[in-house]
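Following: one structure in structure tokens, then a few remarks.
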Amino acid sequence: MNRTAPEAFVYNPPVEPYLPVLHLDDDLLVVDKQSGLLSVPGKATEHSDCLERRAQEVYASARIVHRLDMDTSGVMVLAMNANAHRHLGLQFERRKTRKTYLAEVWGHPRDDDGEIDLPLICDWPNRPKQMVSFEHGKPALTRWQVLERKPFSTRVRLFPHTGRSHQLRVHMLSLGHPILGDRFYAEGEALHASHRLALHAESLELHHPNGGERVTFRAECPF
Numbered sequence: 000m001n002r003t004a005p006e007a008f009v010y011n012p013p014v015e016p017y018l019p020v021l022h023l024d025d026d027l028l029v030v031d032k033q034s035g036l037l038s039v040p041g042k043a044t045e046h047s048d049c050l051e052r053r054a055q056e057v058y059a060s061a062r063i064v065h066r067l068d069m070d071t072s073g074v075m076v077l078a079m080n081a082n083a084h085r086h087l088g089l090q091f092e093r094r095k096t097r098k099t100y101l102a103e104v105w106g107h108p109r110d111d112d113g114e115i116d117l118p119l120i121c122d123w124p125n126r127p128k129q130m131v132s133f134e135h136g137k138p139a140l141t142r143w144q145v146l147e148r149k150p151f152s153t154r155v156r157l158f159p160h161t162g163r164s165h166q167l168r169v170h171m172l173s174l175g176h177p178i179l180g181d182r183f184y185a186e187g188e189a190l191h192a193s194h195r196l197a198l199h200a201e202s203l204e205l206h207h208p209n210g211g212e213r214v215t216f217r218a219e220c221p222f
């Protein structure tokens with residue numbers, strides 16, 4: 000049986016550093032989101048602190064283009080004007096961006112690389128959890144590569160072709176190797192092996208809204 004989300008969740012986002020900026024120009028604000036911080040405000044008043052709000056406190060025109068799960072850290076790009084927002088939005092929609100993630104998974108995959116092509120849908124009674132559904136799910140594709148095999152876990156690099164909610168978490172679980180510290184999908188030793196979700200958005204490659212040059216932004220992995 001899959002482990003459901005804890006009943007009592009207390010939102011306590013990290014405050015140091017408050018807003019780690021990786022890059023800033025007239026069109027782009029690129030930040031290194033911390034694990035435990037929402038990308039956008041939650042419905043509850045106590046969930047108002049988020050990356051979007053923090054960015055707008057310092058850079059009033061900054062606008063969210065995409066999101067990372069609260070428990071995931073790493074590279075996020077925000078638009079600094081309406082034209083950049085449209086340009087970036089289309090890139091994400093048309094899959095013109097390229098993202099890589101680092102993860103620590105429980106156990107040892109049999110192969111050194113592979114591809115996971117499993118459609119996903121919201122597990123509605125247990126939301127925000129997602130699940131595989133060949134009948135109703137939306138297409139989801141992830142490529143993966145082993146970087147290092149440790150005594151009880153494996154470090155992998157993940158290459159998502161699609162951007163479904165919880166895609167990387169459910170896809171690695173489908174191989175029998177949940178991501179360490181995953182409070183939604185990991186159990187037992189895999190859950191307690193890390194104090195946080197061991198998933199980090201390592202790099203983001205895109206076309207710069209001003210001129211179209213291909214640029215890549217990276218954030219150092221904190222685990």
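Numbered by numbering that gives the first Met the number 0, the letters in the sequence shown go through residues 0 to 222 in order.
Every residue gets a Cβ at the ideal spot worked out from N, C-alpha and C, and that includes glycine.
Using only CA atoms, which one of the options lies nearest to residue i?
i, options, result
"H199", "Y17, R66 and R52", "R66"
"A43", "N125, H194, K95 and Y10", "Y10"
"L77", "D26, E92, L101 and P108", "D26"
"A59", "G88, G106, R156 and L28", "L28"
"Y100", "V155, P40, Q33 and S34", "V155"
"K95", "P40, H206, E212 and G210", "H206"
"N209", "H86, Y184, E15 and V20", "H86"
"A61", "R93, S34, V20 and L89", "V20"
"P16", "Q33, V39 and E212", "Q33"
"G162", "G106, P138 and D112", "P138"
"R182", "G88, D112, D111 and N125", "N125"
"S164", "A189, T71 and E114", "T71"
"G211", "V39, G35, L89 and V14", "L89"
"A192", "C220, I63, T153 and D112", "T153"
"R109", "F133, R148, S132 and C220", "R148"
Less than 8 Å between the CB atoms is what I'm expecting for residue i and residue j, so what's the real figure, rounded?
i, j, result
"H160", "L174", "Contact flag wrong, Cβ pair sits at about 17 Å."
"S202", "F222", "Contact doesn't hold; Cβ gap of about 16 Å is too wide."
"V104", "P177", "7 Å"
Excluding the 5 residues preceding and the 5 following residue i in the sequence, name in chain order all residues of the same chain whose CB lies nearer than 6 Å to its CB.
i, result
"M130", "D122"
"V74", "A200, L203, F216 and A218"
"F91", "H65"
"H135", "I120"
"E114", "R142"
Among residues of its own chain, excluding the 5 on either side of residue i, which ones have a beta-carbon nearer than 7 Å to its beta-carbon?
i, result
"L18", "V30, R53, A54 and V57"
"R97", "E204"
"A197", "A102, E103, I178, L179, G180 and F222"
"M0", "Confidence at M0 is low in this model, with a pLDDT of 44, below 50, so its placement is unreliable and no value can be given for it."
"R213", "E204 and H206"
"A189", "W105, P177 and L179"
Name the DSSP beta bridge partners of residue i, please?
i, result
"L89", "DSSP output for L89 lists no bridge partner at all."
"D31", "V74"
"R62", "A78"
"A200", "G73 and Y100"
"E147", "R154"
"L37", "C49"
"H206", "R213"
"T141", "I115 and P159"
"W105", "S152"
"L23", "L28"
"Q129", "C121"
To which residues of the same chain is residue i closer than 8 Å at the C-beta, ignoring the five residues directly before and after it?
i, result
"L37", "Y10, P12, H46, D48, C49, L50 and M69"
"H22", "L28, V29 and F216"
"A4", "With a pLDDT of only 45 at A4, under 50, the local geometry of the prediction cannot be trusted, and the value read off the model is given with reservation. Here the set comprises N125, P127, K128, R182 and F183."
If you measure from the beta carbon of residue i to each beta carbon in chain C, is any gap under 8 Å?
i, result
"D122", "Among the protein chains of the structure shown there is no chain C, as only one such chain exists."
Inspect the CB distances between the segment 117-137 and the segment 159-171 and report whether three or more fall short of 8 Å.
Yes: at least three Cβ pairs fall under 8 Å.
Are the segment 134-150 and the segment 70-87 in contact at 8 Å, needing three or more beta carbon pairs? No, because fewer than three Cβ pairs between the segment 134-150 and the segment 70-87 fall closer than 8 Å, the two stretches do not touch.
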